[in-house]
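Residue numbers (this note's numbering): 44 to 466.
In structure tokens, the structure reads:
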């Protein structure tokens, strides 16, 4: 059988023939082929006995032992095209590395992501992994990670089409600077106090109090208005409710003036936007409530694959007195005055604060504790929606969602939803 040789092998054959014909020495052949003289002698002896066969590697033309069987490749492609109950392709928008993990964890197909990526590319699939542009961009020196978990948490929110239905929902949370672990996550319609309060509540109850939070200039965290004359004379800087809550808990609030300053949480969003939509489709999650219920499990999944080790902990435990009023501390507060019938107005709604006529009350709204009022004397009063106000003022969507949860879900017929559009 005729053996097909490459150009390199043909050159080696030519030198060996010259050597056997006495037209060059072993030393000259070694220099020309960039081999040692001992190996030249071995090649000379083998070529004299076996001819051109010694120029071709024994495995030439054979499939590698690691080559996947056709049936296994077909199974991988079948999984790639798999759909969920809603008919959506589960793995259509997924990175090759994430798909490789899914094959190993869910289907027992264990190969490195280069092998899986090569198979998918050969069949026309592309990874959704985004690569940085090669154009010149501003360089920001990376800040070293904190050494201890709980020293600094980076907070932020990202609106994204998590369900793939064209609707944006904002995922808000905190990421530990030392370990890159998300310590709390919560989804709302828009970026707001409710989302950050709930993400922080998860952090406080699971880990404890961090030393500091590193957040952007969102009005949730920092008051944008200038101090009044009286405040200036008293040396007081206006604070948001969130800032006051952090002061009460003894957590420092640090203003990040650029997105690059809190790069770890920004990179977390990039990874979450690649991974979380796949997990949502895989579990047939279709509502915000279902997604929020799943997020603690997602945090565990992310931590297993992407977290870094820390050299210790800086968490401080919650005091018993703080535990008892945590829901109160982490709530949106609005001060209102009731009339003779215990009724007060809040945006475009009328509410009734039972047993509190003609009183100044602080209305608390929170994901965990619902809606209730507290009088000046510290007495808690239950609040009931009374009727729609005619003021025409708009209520924030997150407030509407909270009212819907606590007043209209499985409500009696007398509780109607004035903000809902007909039809």
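The beta carbon of each residue, even a glycine, is placed where N, CA and C say it ideally should be.
Just so you know, these numbers come straight off a predicted model, no measurement behind them.
Using only the alpha-carbon positions, how far apart do residue 421 and residue 399 sit? Here residue 421 is taken as the residue at index 378 of the chain shown, counted from 1. Here residue 399 is taken as the residue at index 356 of the chain shown, counted from 1. Going by the C-alpha atoms only, they are around 12 Å apart.
Please state if the CB of residue 215 and the CB of residue 242 are separated by a distance shorter than 8 Å. On the chain shown, position 199 is the one that residue 242 refers to. On the chain shown, position 172 is the one that residue 215 refers to. Contact flag set, yes.
For residue 156, which three-state DSSP category applies? As a working mapping, residue 156 is identified with position 113 in the chain shown. Helix.
Restricting to runs no shorter than 4 residues, where is the alpha helix (DSSP H) found entirely within the region 302 to 335? 306 to 325
Label residue 19 either buried or exposed according to how many other C-beta atoms from any shown protein chain fall within 10 Å of its C-beta, with 16 as the threshold for buried. The displayed coordinates of the chain run from 44 to 466. Any statement about residue 19 would go beyond what the structure contains.
Is DSSP giving residue 405 helix, strand or coil here? Translated into positions along the chain shown, residue 405 becomes position 362. Looking at residue 405 - three-state DSSP - the assignment turns out to be strand.
Compare the beta carbon distance of residue 356 and residue 191 with 8 Å and say whether it is the shorter of the two. Along the chain shown, one-based indexing puts residue 356 at 313. Along the chain shown, one-based indexing puts residue 191 at 148. For residue 356 and residue 191, yes; Cβs fall inside 8 Å.
Any idea if residue 407 is buried or exposed, counting beta-carbon neighbours within 10 angstroms, 16 or more meaning buried? The residue you call residue 407 lines up with position 364 of the chain shown. Burial call: buried.
Out of 231, 262, 156, which one is the CA nearest neighbour of residue 331? For the purposes of this step, residue 331 is identified with residue 288 of the chain shown, where counting begins at 1. Checked all of 231, 262, 156; the closest Cα to residue 331 is 231.
If you draw a straight line from the alpha carbon of residue 346 to that of residue 315, how long is it in whole angstroms? Numbered from its first residue, the chain shown carries residue 346 at position 303. Numbered from its first residue, the chain shown carries residue 315 at position 272. Their backbone Cα atoms lie some 12 Å apart in a straight line.
Residue 164 classed as buried or exposed, judged by whether at least 16 other C-beta atoms fall within 10 angstroms: Position 121 of the chain shown, counted from the start, is the residue given in the question as residue 164. Exposed, since its Cβ has fewer than 16 Cβ neighbours within 10 Å.
According to DSSP, is residue 352 part of a helix, a strand, or is it coil? Residue numbering aside, residue 352 sits at position 309 when the chain shown is read from its first letter. Note: residue 352 maps to coil in three-state DSSP.
Is any non-hydrogen atom of the ligand NAD found closer than 7 Å to the C-beta of residue 62, if you look at the structure I gave you? You won't find the ligand NAD in this model; it holds no ligand whatsoever.
With DSSP collapsed to three states, give me the class of residue 197. By 1-based counting over the chain shown, the position of residue 197 is 154. DSSP places residue 197 in strand when its eight states are reduced to three.
State the Cα-Cα distance for the pair residue 459 and residue 167, rounded to the nearest angstrom. For the purposes of this step, residue 459 is taken as residue 416 along the chain shown, with counting starting at 1. For the purposes of this step, residue 167 is taken as residue 124 along the chain shown, with counting starting at 1. Reliability fails at residue 459, whose pLDDT of 36 lies under 50, so the model's placement of it is uncertain and the value that follows must be treated cautiously. C-alpha separation (whole angstroms): 53 Å.
In this structure, does DSSP put residue 11 in helix, strand or coil? In the structure displayed, the chain extends from 44 to 466; residue 11 sits before or after that span and is not available.
Taking only three categories from DSSP, how would you classify residue 446? In the chain shown, counting from the first residue as 1, residue 446 sits at position 403. Note: residue 446 maps to helix in three-state DSSP.
Does DSSP put residue 380 in a helix, a strand or coil? The residue labelled residue 380 in the question sits at position 337 within the chain shown. If DSSP states are grouped into helix, strand and coil, residue 380 belongs with the strands.
Starting from residue 74, trace the alpha helix (DSSP H) in both directions and tell me its first and last residue. Residue numbering aside, residue 74 sits at position 31 when the chain shown is read from its first letter. 69 to 76 is the extent of the alpha helix (DSSP H) around residue 74.
At a cut of 8 Å, does the region 379 to 395 reach the region 220 to 227 through at least three beta carbon pairs? no
I'd like to know if residue 77 contacts chain D, where contact means its C-beta is closer than 8 Å to some C-beta of that chain. The structure shown contains no chain D; it is built from a single protein chain.
Roughly how many whole angstroms lie between the Cα atoms of residue 401 and residue 414? Walking along the chain shown from the start, residue 401 turns up at place 358. Walking along the chain shown from the start, residue 414 turns up at place 371. When rounded, the distance between both Cα atoms is 19 Å.
Bridge partners - residue 295, DSSP secondary structure assignment: Numbered from 1 along the chain shown, position 252 holds the residue referred to as residue 295. Per DSSP, 255.
Just to confirm, is the Cβ distance from residue 134 to residue 142 under 8 Å? Numbered from 1 along the chain shown, position 91 holds the residue referred to as residue 134. Numbered from 1 along the chain shown, position 99 holds the residue referred to as residue 142. A contact, by the Cβ cut-off of 8 Å.
8 Å Cβ cutoff met for residue 146 and residue 122: By one-based count along the chain shown, residue 146 stands at place 103. By one-based count along the chain shown, residue 122 stands at place 79. For residue 146 and residue 122, yes; Cβs fall inside 8 Å.
State the DSSP-derived secondary structure class of residue 55, mapped to helix, strand or coil. By 1-based counting over the chain shown, the position of residue 55 is 12. Three-state DSSP puts residue 55 in a helix.
CA-to-CA distance, residue 246 to residue 194, given in whole angstroms: Against the chain shown, residue 194 aligns to sequence position 151. Against the chain shown, residue 246 aligns to sequence position 203. In a straight line, the C-alpha of residue 194 is about 13 Å away from that of residue 246.
Going by the DSSP bridge assignment, what does residue 359 pair with across the sheet? Sequence index remark: in the chain shown, residue 359 carries index 316 (1-based). Note: residue 359 sits in a beta bridge opposite 252.
Can you find the residues in the same chain that come closer than 8 Å, C-beta to C-beta, to residue 464, ignoring five residues on each side of it along the sequence? Counting from 1 along the chain shown, the entry for residue 464 is found at position 421. Note that residue 464 scores 34 on pLDDT, short of 50, meaning its location in the model is unreliable; the coordinates nonetheless yield the value given after this. None.
Check this for me: beta carbons of residue 322 and residue 341, under 8 Å apart or not? Reading the chain shown from its first residue, position 279 is the one you call residue 322. Reading the chain shown from its first residue, position 298 is the one you call residue 341. Their beta carbons are under 8 Å apart, which means residue 322 touches residue 341 by this criterion.
Chain-order list of residues whose beta-carbon lies under 6 Å from that of residue 152 (same chain, five-residue window excluded): Along the chain shown, read from residue 1 onward, the residue named residue 152 stands at position 109. Taken in chain order, the residues that qualify are 146.
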